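Peer 1: First, the structure itself, so that you have it in front of you.
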Amino acid sequence: MNSLFPQGSLTRSLSSPRTLVNMVMTGLAFVCGVLALIPLLAVLYYVVIRGFSSLDTHIFTQLPPPPFGKNGGFGNAILGTLLMVGIAAIISVPVGVLAAIYLSEFSSRRIARWIRFATNVLSGVPSIIAGVFAYGIVVLTLVKLNLGSYSALGGGVALAILMLPIIVRTTDEALQLVSQDLRQASIGLGSTNLQTVILVVLPTALPAIVTGSILAIARAAGETAPLIFTALFSSFWPDSILKPTASLAVLVYNFATSPYQTWQSLAWAASLILVFMVLITSIIARWVTRKKDLI
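Per our numbering, numbering of the sequence shown is gapless, rising by one per residue and ending at 296.
In structure tokens, the structure reads:
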């Protein structure tokens, strides 16, 4: 004690071993934080610089040009991305929320433990495996039924598989954070378990559920490998969910590896738009969380 604070003084001694270790570890943590930010800032800087120079209004309204053409855009890829992410959200959000409600409110501990384990395993499965699975389940089935092959529907199913574990985990955790006092008060007033979940627990956990769903959508919007196996690509406007559909991620992959300057410029612009879309969804998620904290 005397080595930390000299007698008659409340000032911490800088020569104390504990103080020196604290200063060194604080500095090391700061350096590690800066090192973690450098790759992110470098990627964002490079994408913004290269992508912003290629931005123009026509890229949102025109189709991709031929290899040696000029101008052109990727409006079909933007619509295709929104279409497939929308299909994935329609599939995964209801299933994920209902599964989390069952885990948190109605299942036994043993069943819940195994389902949570399976969800954690699914969240770690590479995205390309989800694409191969959706290819075998959706694409090949459409071929057998003579309804098509590669399609937006297949892409949406593949993205839904990737979104599902995120939604289940975030919703499950949100429901578990709801105070037991609220449940007991509702049941004490005569409500059933189902009424308690629908009228009390879900509204309380809704901001966290929305946040998890938005983060899952942000992840799905940037996936490439599953869409190569399921939706492939198209140079036309999407007019059916049973036809090959363009997406921003696949467009970036195809055009960035091409030897044509026009396509490479569009790839950088598409990269910037994709990053911007993910940024917007992340900001919305943080805003929802902030509204919850204010309440």
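All C-beta atoms, glycine included, are put in the ideal place defined by N, C-alpha and C.
A quick note: this is a predicted structure, and the numbers were derived from the prediction, not measured.
#1: Just tell me which of A101, A209, I129 and G191 has its CA closest to the CA of A119.
#2: Starting from the C-beta of A175, find all residues in its chain whose C-beta is less than 6 Å away, skip the five residues before and the five after it, and write them out in chain order.
#3: Excluding sequence positions up to five away, which residues of its chain have a Cβ less than 7 Å from the Cβ of Y151?
#4: Which residues in the same chain as V35 place their Cβ atom closer than 8 Å to its Cβ, once the five residues preceding and following it in sequence are excluded?
#5: Using the rule of at least 16 other Cβ atoms within 10 Å of the residue's Cβ for burial, across every protein chain shown, is A186 buried or exposed?
#6: The alpha helix (DSSP H) that contains E174, what's its start and end?
#7: Just the C-alpha distance for T58 and F277, rounded to the nearest angstrom, thanks.
#8: For the candidate residues I162, S109, G156 and I285, whose alpha-carbon lies nearest to that of V96?
#9: Could you check how far apart the C-beta atoms of L154 and I242 are, in whole angstroms? I think they sit under 8 Å.
#10: Which residue wins for smallest C-alpha separation from L216, given the options V198, L249 and W288?
#11: For S124, tell me which candidate among A268, A221 and L273 has the shortest Cα-Cα distance.
#12: Could you give the C-beta distance for P65 and F75, rounded to a whole number, given that I count them as a contact under 8 Å?
#13: For a minimum of 4 consecutive residues, which ranges assigned as the alpha helix (DSSP H) are wholly contained in the region 180–267?
#14: Return the chain-ordered list of same chain residues with a C-beta closer than 6 Å to the C-beta of Q177, the five sequence neighbours on each side being excluded.
#15: From this set, G223, T27 and V169, which residue's C-alpha is nearest N121's C-alpha?
#16: Rounded C-beta distance between G81 and A270? I'm assuming under 8 Å.
#17: Quick check: what's the CA-CA separation for G191 versus R184?
#18: Just reading off the alpha helix (DSSP H) that L99 is part of, what are its end residues?
#19: In the structure shown, what three-state DSSP assignment does N72 receive?
#20: What's the gap between the Cα of I39 and the Cα of I284?
#21: Tell me which residue opens and which closes the alpha helix (DSSP H) that P18 is part of.
#22: Would you kindly work out how many angstroms separate the C-alpha atoms of V251 and D173, rounded to a whole number?
#23: Using only alpha-carbon positions, find the residue among S54, Q63 and V158 that is nearest to I138.
#24: Since F53 contacts L273 with CB under 8 Å, what's their CB separation in whole angstroms?
#25: Look at the alpha carbon of S55 and the alpha carbon of P260, and state the distance between them as a whole number of angstroms.
#26: Could you tell me the distance, in whole angstroms, from the CA atom of P127 to the CA atom of A43?
#27: CA-CA distance, R114 and S180?
#28: Determine the contact status of V94 and S214, defining contact as a CB-CB distance below 8 Å.
#29: In whole angstroms, what is the alpha-carbon distance linking S108 and R117?
#30: Let's see if you can read the secondary structure: which residues bound the alpha helix (DSSP H) around V122?
Peer 2: By the coordinates alone:
#1: Position 118 of the sequence shown holds residue 119. Of the candidates A101, A209, I129 and G191, the one whose C-alpha sits nearest the C-alpha of A119 is A101.
#2: The residue labelled residue 175 in the question sits at position 174 within the sequence shown. Correct list, in chain order: A206, A209 and I210.
#3: For the purposes of this step, residue 151 is taken as residue 150 along the sequence shown, with counting starting at 1. Excluding sequence neighbours, Y151 sits near V140, T231, A232, L233 and P245.
#4: Taking the first residue of the sequence shown as position 1, residue 35 is located at position 34. Excluding sequence neighbours, V35 sits near nothing in its chain.
#5: Here residue 186 is taken as the residue at index 185 of the sequence shown, counted from 1. So A186 ends up on the exposed side.
#6: Within the sequence shown, the letter at position 173 stands for residue 174. Taken as a continuous stretch (DSSP letters only), the alpha helix (DSSP H) holding E174 covers A153 to L178.
#7: The residue labelled residue 58 in the question sits at position 57 within the sequence shown. The residue labelled residue 277 in the question sits at position 276 within the sequence shown. Spanning the two alpha carbons is a distance of roughly 16 Å.
#8: Locating residue 96 in the sequence shown gives position 95, where the first residue counts as 1. Taking only the C-alpha atoms, the option nearest V96 is I162.
#9: Within the sequence shown, numbered from 1, the residue matching residue 154 stands at position 153. Within the sequence shown, numbered from 1, the residue matching residue 242 stands at position 241. Going by Cβ atoms, the distance from L154 to I242 rounds to 5 Å, so yes, they are a contact pair.
#10: For the purposes of this step, residue 216 is taken as the residue at position 215 of the sequence shown. Per the Cα distances, W288.
#11: Translated into the one-based positions of the sequence shown, residue 124 becomes position 123. Per the Cα distances, A221.
#12: Sequence index remark: in the sequence shown, residue 65 carries index 64 (1-based). Sequence index remark: in the sequence shown, residue 75 carries index 74 (1-based). Indeed, because the Cβ distance is near 6 Å, the residues count as touching under 8 Å.
#13: 181–189, 194–197, 203–222, 226–231 and 249–257
#14: If you number the sequence shown from 1, residue 177 lands on position 176. Same-chain partners within the cutoff: S105.
#15: Against the sequence shown, residue 121 aligns to sequence position 120. Here the closest residue by C-alpha is V169.
#16: In the sequence shown, residue 81 corresponds to position 80, counting from 1. In the sequence shown, residue 270 corresponds to position 269, counting from 1. The pair is not a contact, with the Cβ atoms about 16 Å apart (cut-off 8 Å).
#17: Here residue 191 corresponds to residue number 190 of the sequence shown, with the count starting at 1. Here residue 184 corresponds to residue number 183 of the sequence shown, with the count starting at 1. Going by the C-alpha atoms only, they are around 11 Å apart.
#18: As a working note, residue 99 is residue 98 in the sequence shown. Segment G76 to I102, the alpha helix (DSSP H) holding L99.
#19: Mapped onto the sequence shown, residue 72 falls at position 71. Three-state result, N72: coil.
#20: Within the sequence shown, the letter at position 38 stands for residue 39. Within the sequence shown, the letter at position 283 stands for residue 284. Computed Cα separation, rounded: 21 Å.
#21: Translated into positions along the sequence shown, residue 18 becomes position 17. Here the alpha helix (DSSP H) through P18 covers P18 to F53.
#22: By 1-based counting over the sequence shown, the position of residue 251 is 250. By 1-based counting over the sequence shown, the position of residue 173 is 172. Each residue's Cα considered, the two are about 32 Å apart.
#23: Here residue 138 refers to the residue found at position 137 of the sequence shown. Of S54, Q63 and V158, the residue nearest in Cα terms is V158.
#24: Taking the sequence shown and counting its residues from 1, one reaches residue 53 at position 52. Taking the sequence shown and counting its residues from 1, one reaches residue 273 at position 272. Indeed, because the Cβ distance is near 6 Å, the residues count as touching under 8 Å.
#25: Walking along the sequence shown from the start, residue 55 turns up at place 54. Walking along the sequence shown from the start, residue 260 turns up at place 259. The straight-line gap from Cα to Cα measures roughly 17 Å.
#26: Reading the sequence shown from its first residue, position 126 is the one you call residue 127. Reading the sequence shown from its first residue, position 42 is the one you call residue 43. C-alpha separation (whole angstroms): 26 Å.
#27: Along the sequence shown, one-based indexing puts residue 114 at 113. Along the sequence shown, one-based indexing puts residue 180 at 179. Rounded to the nearest angstrom, the two C-alpha atoms are 21 Å apart.
#28: The residue labelled residue 94 in the question sits at position 93 within the sequence shown. The residue labelled residue 214 in the question sits at position 213 within the sequence shown. Yes, the Cβ-Cβ distance between V94 and S214 is below 8 Å.
#29: As a position in the sequence shown, residue 108 is number 107, starting the count at 1. As a position in the sequence shown, residue 117 is number 116, starting the count at 1. S108 and R117: Cα-Cα distance of roughly 11 Å.
#30: Taking the first residue of the sequence shown as position 1, residue 122 is located at position 121. R110 to S124 is the span of the alpha helix (DSSP H), which, as asked, contains V122.
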